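Enquirer: I have a structure here, written as structure tokens, and I will follow up with some questions on it.
Numbering (the numbering used here), first residue to last: 3 to 373.
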């Protein structure tokens with residue numbers, strides 16, 4: 003993997019870059035659709051390419067449970083298994099172990115837990131997470147970490163962060179720079195500045211090819227997330243990609259990019275799409291509402307995606323009201339397109355050095371408070 007910063011904004015920490023992997027190039031900053039179980043829900047790989055998605059996520063925890071790494075390995079890896087020939091990033095499984103698993107027990111060796119599917123006893127360690135991700139064959143792998151809940155007290159976060167750093171060393175030792183797969187470290191430390199600094203500096207000392215900021219967007223206020231992110235990115239190398247895990251609303255993407263983030267992911271566009279909510283340049287629109295029963299405008303008149311070129315709000319509302327699968331597919335398509343295109347426009351604004359103006363205009367139109 004190779005990463006180059008192409009343009010640095012004069013107005014903020016925002017920058018554009020180019021990330022090179024064995025499965026293709028990624029222009030940054032980039033939004034990555036989430037394909038939790040080897041599929042971005044309701045979308046085909048061809049549709050994702052049509053939209054312009056350059057990289058997607060797979061989930062280590064879920065794929066470990068179903069269908070199992072042996073099957074994916076026999077298929078020739080995750081790319082071939084899911085018919086996606088562009089880059090894939092896999093998370094470590096840590097977040098799901100701590101948020102979904104039943105009756106987990108954290109030890110220095112790893113985490114013992116019960117499957118959320120059938121209650122069976124399972125175990126994931128840093129080494130096991132690496133083994134699974136090696137079998138998946140992702141272009142970018144994440145070190146196994148503990149994502150502590152918000153709020154948590156200082157002593158708990160300190161212990162958790164220090165364990166995450168020790169686990170990161172074990173991940174790096176096991177991985178041994180396997181060709182074609184780059185391993186990113188994950189900065190933890192909760193909402194505590196000194197712990198974030200210690201975590202960042204410890205991981206930078208391990209010289210990972212990229213760094214993620216974890217443990218944010220977990221329920222804390224947006225202002226607190228912005229504050230923590232602002233100082234955390236200062237401790238990360240300028241010549242390596244920075245990934246903010248689990249953010250996908252337009253405002254969070256703007257705030258992340260402004261603070262020097264290059265990559266972001268979230269299930270949000272497909273999740274709200276399946277429930278009848280779509281992004282538009284003038285805010286969210288709940289297309290299932292009765293107000294759109296005779297509205298023959300596109301979901302977003304300012305959008306040029308396939309859905310907005312061909313279908314009306316009234317038709318898509320009809321699909322949702324009659325439980326037709328096409329409705330959630332069209333809404334999901336539009337939402338992913340909206341965020342991919344937004345990041346494309348953000349990259350353009352950085353290159354032309356008017357990111358702040360673009361952000362302010364977007365916030366005014368969308369209805370966000372710019373304070």
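Every residue gets a Cβ at the ideal spot worked out from N, C-alpha and C, and that includes glycine. Bear in mind the structure is a predicted one, so any value in this text is a computation, not a measurement.
Pick out the complete beta strand (DSSP E) segments inside the stretch 37 to 96, 3 residues or longer, and give them in chain order.
Expert: Listed in chain order, the complete beta strand (DSSP E) runs (minimum 3 residues) inside the stretch 37 to 96 are 58 to 60, 90 to 92.
Enquirer: Can you find the residues in the same chain that come closer than 8 angstroms, C-beta to C-beta, to residue 149, ignoring five residues on each side of it along the sequence?
Expert: The answer, listed in chain order, is 96, 97, 100, 101, 190, 216, 217, 220.
Enquirer: Between which two residues does the beta strand (DSSP E) carrying residue 172 extend?
Expert: Segment 156 to 177 is the alpha helix (DSSP H) holding residue 172; no beta strand (DSSP E) there.
Enquirer: Based on the DSSP secondary-structure assignment, which residues constitute the bridge partners of residue 27?
Expert: Per DSSP, 22.
Enquirer: Apart from the five residues just before and just after residue 333, which ones in its own chain have a Cβ nearer than 6 angstroms to its Cβ?
Expert: If we look at residue 333 and ignore the five residues flanking it on each side, its Cβ neighbours are 275, 280.
Enquirer: So what's residue 210 in DSSP terms, helix, strand or just coil?
Expert: Correct three-state label for residue 210: coil.
Enquirer: Is any non-hydrogen atom of the ligand NAP found closer than 6 angstroms to the C-beta of residue 213, if you look at the structure I gave you?
Expert: Inclusion of the ligand NAP in the displayed structure is not the case, the ligand content being empty and no account of it being possible.
Enquirer: Identify, in the order they occur along the chain, each residue of the same chain with its Cβ nearer than 8 angstroms to the Cβ of residue 365, setting aside the five sequence neighbours on each side.
Expert: Cβ within range, chain order: 253, 256, 371, 372.
Enquirer: Could you confirm whether any beta carbon from chain C is found closer than 7 angstroms to the beta carbon of residue 111?
Expert: In summary, chain C is missing from the structure at hand, where a single protein chain is found.
Enquirer: Which term fits residue 6, buried or exposed, when burial requires 16 or more other beta carbons within 10 angstroms of its beta carbon?
Expert: By the 10 Å Cβ count, residue 6 comes out exposed.
Enquirer: In whole angstroms, what is the alpha-carbon distance linking residue 344 and residue 109?
Expert: Approximately 42 angstroms, taken between the alpha carbons.
Enquirer: Look at the alpha carbon of residue 130 and the alpha carbon of residue 42, and state the distance between them as a whole number of angstroms.
Expert: Cα to Cα, the separation comes out at about 25 angstroms.
Enquirer: Quickly, what does DSSP pair residue 125 with across the bridge? List them, please.
Expert: Partner(s): 114.
Enquirer: Is it true that the CB of residue 61 sits closer than 7 angstroms to the CB of residue 46?
Expert: Their beta carbons are not under 7 angstroms apart, which means residue 46 does not touch residue 61 by this criterion.
Enquirer: Pull the bridge partners of residue 4 from the DSSP assignment, please.
Expert: Partner(s): 22.
Enquirer: At which residue ranges does the stretch 266 to 305 contain complete beta strand (DSSP E) runs of 3 or more residues, listed in the order of the chain?
Expert: Complete beta strand (DSSP E) runs here, min 3: 279 to 282, 285 to 288.
Enquirer: Anyone know if the C-beta pair for residue 338 and residue 35 falls short of 7 angstroms?
Expert: In contact: residue 338 and residue 35 (Cβ atoms closer than 7 angstroms).
Enquirer: So what's residue 220 in DSSP terms, helix, strand or just coil?
Expert: Coil.
Enquirer: Indicate the three-state DSSP secondary structure (helix, strand or coil) for residue 240 in the structure shown.
Expert: Reduced to three states, the DSSP call for residue 240 is coil.
Enquirer: Mark residue 112 as exposed unless 16 or more other C-beta atoms lie within 10 angstroms of its C-beta, in which case mark it buried.
Expert: That one is buried.
Enquirer: Mind reading off the beta-carbon distance from residue 74 to residue 80? Whole number of angstroms is fine, and I expect it under 8 angstroms.
Expert: Right, the Cβ-Cβ distance comes to about 6 angstroms (below 8 angstroms), so this counts as a contact.
Enquirer: State the start and end residues of the unbroken beta strand (DSSP E) segment that holds residue 143.
Expert: Where residue 143 is concerned, the enclosing beta strand (DSSP E) stretches over 142 to 144.
Enquirer: How about the stretch 115 to 124 and the stretch 161 to 170: do they share at least three Cβ pairs that are nearer than 8 angstroms?
Expert: Counting Cβ pairs under 8 angstroms, fewer than three are found: no touch.
Enquirer: Have a look at the DSSP bridge pairing and note the partners of residue 35.
Expert: According to DSSP, which records beta bridges pairwise, residue 35 is partnered with 268.
Enquirer: Could you tell me whether the stretch 305 to 323 touches the stretch 231 to 243, where touching means 3 or more Cβ pairs closer than 8 angstroms?
Expert: No, because fewer than three Cβ pairs between the stretch 305 to 323 and the stretch 231 to 243 fall closer than 8 angstroms, the two stretches do not touch.
Enquirer: Between 146, 135, 208, 193, which has its C-alpha nearest residue 1's C-alpha?
Expert: Residue 1 lies beyond the range of the chain shown here (3 to 373); nothing can be said about it.
Enquirer: How far does the alpha helix (DSSP H) with residue 358 in it reach, from first residue to last?
Expert: Note, residue 358: alpha helix (DSSP H), 357 to 368.
Enquirer: Tell me the DSSP secondary structure of residue 183 in three-state form.
Expert: Of the three classes helix, strand and coil, the one that applies to residue 183 here is coil, per DSSP.
Enquirer: Please list, in chain order, all residues of the same chain as residue 163 whose beta carbon is under 6 angstroms from its beta carbon, the five residues on each side excluded.
Expert: Within the same chain, residue 163 has close Cβ partners 190, 191, 197, 201.
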